[in-house]
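In what follows, a single structure is set out as structure tokens and then discussed.
Residue numbers (my numbering): 56 to 423.
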């Protein structure tokens with residue numbers, strides 16, 4: 056009996072060493088638990104805000120676009136976009152006017168229309184091992200807006216949205232495709248203050264895969280797909296002032312977002328119930344821009360606080376940070392032509408312990 060026990064332990068040790076060598080040279084073997092969650096049950100806590108903010112931010116940029124004054128006569132090149140108005144004087148060569156067409160340049164009135172297109176990409180990474188994933192969200196937006204007053208702008212934007220994430224926490228991936236439609240409105244309250252309202256609705260399809268261990272050296276891919284819809288509302292109170300070649304922008308904003316996901320069944324028979332998620336967030340923005348000629352550079356900071364963040368909690372062990380606060384740092388360059396405006400922006404998210412985010416956006420607008 057003793058000899059059999061020793062023999063069993065010896066064989067077990069030899070087998071263990073052989074498996075370790077094989078795993079290290081061929082598979083970097085790690086035994087994957089069988090109870091890993093589908094990808095979206097983890098990513099949804101982070102990606103909802105990351106999907107909505109580029110859309111709302113792009114439309115805000117469009118609403119606050121402006122024209123630089125041209126020449127010593129302070130004759131404004133007025134476009135149809137609403138922005139706060141600072142009258143040109145001896146200490147300012149900026150003239151921010153309410154929406155007006157080229158025929159109303161310098162008067163603050165008249166009809167105005169514009170078409171614009173924007174491309175936005177945001178990379179996102181979660182480096183906490185139990186929820187780790189990385190990837191990017193891409194948005195292609197096109198919009199049209201108009202005004203028949205010096206007080207308001209009314210418009211609508213439509214977009215195609217795509218996101219791709221590698222979900223390392225379950226050795227899988229998640230891909231989402233869909234379309235969104237976003238009406239928006241802005242109103243000039245005074246020479247320096249404006250308010251805007253942005254609405255959004257989107258419809259999406261998601262395909263995802265996770266990996267389950269079926270034995271010491273064998274795994275199987277578990278696939279699933281489901282539909283979801285998303286809505287949001289964003290409103291901002293904005294002040295724009297100018298001093299010489301400097302333009303200062305500040306705003307206080309609120310945003311509420313809701314997503315509804317259909318129930319689905321993975322191809323291994325595991326059923327996932329329908330879910331509803333909602334978050335509320337307020338933000339405070341400050342931006343300084345310096346311009347000469349037909350261009351300006353700018354630097355901005357936006358503090359964001361989520362009132363009811365979607366949290367992930369595990370029964371035991373290390374827990375994710377679930378940060379409710381963050382700071383978005385932006386920098387970029389704008390060009391102002393007579394009928395064409397271009398905007399290029401880089402961004403990065405700060406003050407989050409486990410989440411990294413970087414973005415780039417480009418917008419072109421044609422005044423009709």
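Heads up, the beta-carbon is just placed ideally off N, CA and C, and yes, glycines get one too.
Near the ligand ATP: residue i beta-carbon under 8 Å from a heavy atom
i	result
residue 404	Within the structure as shown, the ligand ATP is missing, as the structure has no ligands at all.
Distance CB(residue i)-CB(residue j) smaller than 9 Å
i	j	result
residue 280	residue 94	no
residue 400	residue 421	no
residue 359	residue 383	yes
residue 297	residue 227	no
residue 179	residue 412	yes
residue 353	residue 329	no
residue 111	residue 402	no
residue 220	residue 96	no
residue 339	residue 307	yes
residue 212	residue 193	no
residue 241	residue 118	yes
residue 309	residue 291	yes
residue 376	residue 224	no
residue 222	residue 265	yes
Length of the line joining the Cα atoms of residue i and residue j
i	j	result
residue 113	residue 191	17 Å
residue 416	residue 215	15 Å
residue 267	residue 371	21 Å
residue 233	residue 299	45 Å
residue 295	residue 115	13 Å
residue 88	residue 270	Note that residue 88 scores a pLDDT of 43, beneath 50, so its modelled location is shaky and nothing firm can be said.
residue 414	residue 317	29 Å
residue 311	residue 319	26 Å
residue 231	residue 218	5 Å
residue 287	residue 301	33 Å
residue 125	residue 390	Only weak support is given to the placement of residue 125: the predicted model assigns it a pLDDT of 34, under 50, and the question is left unresolved by the model.
residue 418	residue 172	6 Å
residue 327	residue 410	26 Å
residue 136	residue 208	Low local confidence applies: a pLDDT of 39 at residue 136 is under 50, so the model's placement there is unreliable, with the coordinate-based value given in what follows. Rounded to the nearest angstrom, the two C-alpha atoms are 7 Å apart.
residue 249	residue 92	46 Å
residue 202	residue 245	17 Å
residue 188	residue 99	11 Å
residue 406	residue 363	18 Å
residue 388	residue 351	6 Å
residue 167	residue 260	37 Å
residue 357	residue 108	12 Å
residue 206	residue 195	29 Å
residue 185	residue 369	9 Å
residue 374	residue 252	37 Å
residue 177	residue 104	12 Å
residue 397	residue 325	49 Å
residue 239	residue 181	32 Å
Of the residues the options, the one placed nearest residue i, counting alpha carbons only
i	options	result
residue 170	185, 218, 186 and 120	120
residue 258	226, 314, 97 and 195	314
residue 344	337, 293, 355 and 247	355
residue 323	185, 274 and 282	274
residue 392	369, 423, 366 and 367	423
residue 361	373, 177, 374 and 334	334
residue 243	235, 204 and 256	204
residue 378	236, 336, 195 and 351	336
residue 331	210, 321 and 365	365
residue 305	199, 247 and 210	247
residue 210	369, 236 and 177	236
Assigned exposure category for residue i - 16 Cβ within 10 Å defines buried
i	result
residue 278	exposed
residue 143	Reliability of the predicted coordinates at residue 143 is poor, the pLDDT of 33 falling under 50, and the value obtained from them is presented with this limitation in mind. Buried.
residue 404	buried
residue 282	exposed
residue 342	buried
residue 408	exposed
residue 346	buried
residue 367	buried
residue 285	buried
residue 381	buried
residue 256	exposed
residue 106	buried
residue 263	buried
residue 348	exposed
residue 200	buried
Handout entry: Every unbroken beta strand (DSSP E) within the segment 312-379, with a cutoff of 3 residues, ordered by chain
Key = 330-347 and 350-361
Exercise for the section: At 3 residues or longer, and completely inside the segment 180-221: list those beta strand (DSSP E) runs for me, N to C. Expected result: 188-202
Problem - beta strand (DSSP E) segments (min. 3 residues) lying fully within the segment 246-300 - result: 248-270 and 273-298
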